[in-house]
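In my numbering, the protein residues as written are 51 to 803. All residues carry an ideal CB built from backbone N, CA and C; glycine is no exception. What follows is one structure encoded as structure tokens, with my remarks underneath.
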């Protein structure tokens, strides 16, 4: 071989080429192959890279394979040799060549194909680096689902396990062998996936499979919307025209999406919708009842079971509870009220127990009388101390300064604040021990902030009327979007993450391709009003604006068309919130808070906020609650059906500059001009407003632990924890009982216990 070749013989071979005919094959073969490698290295052709790559993979001589790999490395280091880099990446990814991977990492080579770069990073680099190339996980998912290489699939699964991607593994295994049973499991887990990445992967590939003609995938997309009212899913369904196959589910779909003409043509006698209600989960029932109330389309309710609506405890609004109590009290149905008090949301259970105690009623039996006496006594203390939210943490910038803007990302893992000294601060909410880091330079005062859906960018509207986009991974300013001629007051991201909307005092809504522009559309308001608020419907198709004209306007952003106006909103509208469903809320300068349906414009209620000057509004994602901050620093929780304040905190006394609720609904952030960002625990308030959970015994250890820690906390928290603890101890006796559901007739509807 080459290592044992005498130099004299090599010199003679070079000076007298004809003697190669007399040389042994094991001497000539490596010389020819090494010469071929040298010729390929000098060739100015992408085909040469392919030939070198083939030599690395298939040449039987190790020294030639090594020479070909080194030739590729030298070629890849030259500017403009994208094909050489690509060949090295293919060797590392498709052929599992660790030497090629080492060369890529050593020289920090970049692949011109994003998908290949992402898969390489997934296999060979740490999760943080990989996240820069493929935050959505779609490249790696595509590599797994679209390859026929079993070895590559196995290596991707191994890399996923190293990175803790167990949920992703379940998803790709389901998608590669599509069955109704497998998809049903994914749909059940959809909202419980740890990262939004998993949900995006499911949506992308279900859409792709559905477009390829898979009826199972089409039906799964319909089921996802009906079960969770996901706006991105609805957008896909509308674009593709998919509908549930089952007539009952199709009627439910038309009703929930407010396609009234199609619904009425399908379900003229409304029996399909009544059947859908009876078959639906509690969450879907609540949505159906809420939408019926908003729109006034309640005729179908009279068809459900014996001409009465049978509602679960979870379906009742505050107005329903008041009706229920009045009806039962008028009929002196005390025994049934006692039964309902035990399984009602504790807030209403307290009201019922107070009424029963006032009437002097006692249950039969020593055990029940003892329980009633204990619970009604604790209920009185709760009635005098309404449930409150509890502050659990305070965040402040390292330098004492006032806050101007505030944002939290969709998953609640990052928080940003802009200060009057022209600084942006970022907090890692997963590891709160880490100090905040500074983002960007002295670029002006950030007046409004927003995160992209995947949290890879932070967007700021600055006092120089510019929008700046920062990359979260390294804090770099990657784009400045210019166009506004007045202060920017609102930034909203499209659910799909590819479009940004902005509004401000120049009377315009601007639509930008995200993250790098350009401006796609300019939407001027009819009167050039100063815009204070901007929201987007869950399906991503409509924008809702509010400003100095005192009018709520609904726009179709794709063509800039004004499709609805909601007048009589009062003076200048200073705050706006849009729920994940059909609700909107606005606050006007003359002190009125209003709630309305953003689809049909119907106003639900309006209340005068005496003694309060609201600054920001935010809907709770699941409960019937609207939260507000005001210029005095107070935080209020409003019932979205009645417009009544159910909880109010007056500390801290500093103007609110933002409020945000975690998607799971258990935490609330409020930012204040003084520099404080407060984290509030909503759990006690929500426990008081939610139906008791069974098995009750599983809730007791947590409540005991919270009760033991509550010695130094507020009287309200202590009162409610004690009541909840004793209620669950009493309810735990039912955990082993199996009985048929009890339906009580209570006037205009029946209630199922």
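Can the beta-carbon of residue i be found less than 8 Å from the beta-carbon of residue j?
i: residue 635; j: residue 584; result: no
i: residue 565; j: residue 637; result: no
i: residue 778; j: residue 751; result: no
i: residue 191; j: residue 222; result: yes
i: residue 237; j: residue 290; result: no
i: residue 521; j: residue 510; result: no
i: residue 543; j: residue 502; result: yes
i: residue 435; j: residue 769; result: yes
i: residue 468; j: residue 499; result: yes
i: residue 266; j: residue 228; result: yes
i: residue 397; j: residue 332; result: no
i: residue 730; j: residue 439; result: yes
i: residue 80; j: residue 111; result: yes
i: residue 493; j: residue 472; result: yes
i: residue 103; j: residue 141; result: yes
i: residue 164; j: residue 504; result: no
i: residue 301; j: residue 316; result: yes
i: residue 253; j: residue 282; result: yes
Consult DSSP for residue i and reduce its assignment to one of helix, strand or coil.
i: residue 730; result: strand
i: residue 140; result: helix
i: residue 445; result: strand
i: residue 786; result: With a pLDDT of 46 at residue 786, under the threshold of 50, the modelled position of that residue is not reliable, and no figure is offered here.
i: residue 763; result: coil
i: residue 215; result: coil
i: residue 295; result: coil
i: residue 409; result: coil
i: residue 694; result: coil
i: residue 478; result: strand
i: residue 656; result: strand
i: residue 467; result: strand
i: residue 246; result: helix
i: residue 555; result: coil
i: residue 123; result: helix
i: residue 597; result: strand
i: residue 648; result: coil
i: residue 301; result: helix
i: residue 164; result: helix
i: residue 705; result: coil
i: residue 625; result: strand
i: residue 422; result: helix
i: residue 190; result: helix
i: residue 450; result: coil
So if DSSP puts residue i in a beta bridge, which residue, or which two residues, is it bridged to?
i: residue 389; result: For residue 389, which the question treats as bridged, DSSP gives no partner whatsoever.
i: residue 507; result: 521
i: residue 208; result: Answer is none; residue 208 lacks a bridge partner.
i: residue 615; result: 603
i: residue 440; result: 731
i: residue 530; result: 518
i: residue 642; result: 658
i: residue 668; result: 677
i: residue 571; result: 561
i: residue 719; result: 710, 729
i: residue 456; result: 467
i: residue 543; result: 550
i: residue 685; result: 679, 699
Got a sec: is the Cβ-Cβ distance from residue i to anything in chain B below 8 Å?
i: residue 348; result: As a matter of chain content, chain B is missing from the structure shown, which is built from one protein chain.
So, under 8 Å CB-CB, residue i and residue j are touching, yes? Tell me the CB distance rounded to an integer number of Å.
i: residue 456; j: residue 707; result: 6 Å
i: residue 639; j: residue 621; result: 4 Å
i: residue 541; j: residue 527; result: Between residue 527 and residue 541 the Cβ distance is about 16 Å, and since that is not below 8 Å, they are no contact.
i: residue 691; j: residue 367; result: 5 Å
i: residue 441; j: residue 728; result: 5 Å
i: residue 644; j: residue 656; result: 4 Å
i: residue 646; j: residue 653; result: 5 Å
i: residue 667; j: residue 625; result: 5 Å
i: residue 474; j: residue 488; result: 7 Å
i: residue 782; j: residue 746; result: 4 Å
i: residue 709; j: residue 677; result: 6 Å
i: residue 774; j: residue 760; result: Contact doesn't hold; Cβ gap of about 11 Å is too wide.
Below 7 Å, is the gap between the Cβ of residue i and the nearest heavy atom of the ligand FMN?
i: residue 633; result: Judged by which ligands are present, the structure shown has none, so any question about the ligand FMN falls away.
> Which runs of the beta strand (DSSP E), 3 residues or longer, sit entirely within the stretch 310 to 385?
Replying inline: Secondary structure in the stretch 310 to 385: the beta strand (DSSP E) runs of 3 residues or longer, each lying completely within the stretch, are 359 to 362 in chain order.
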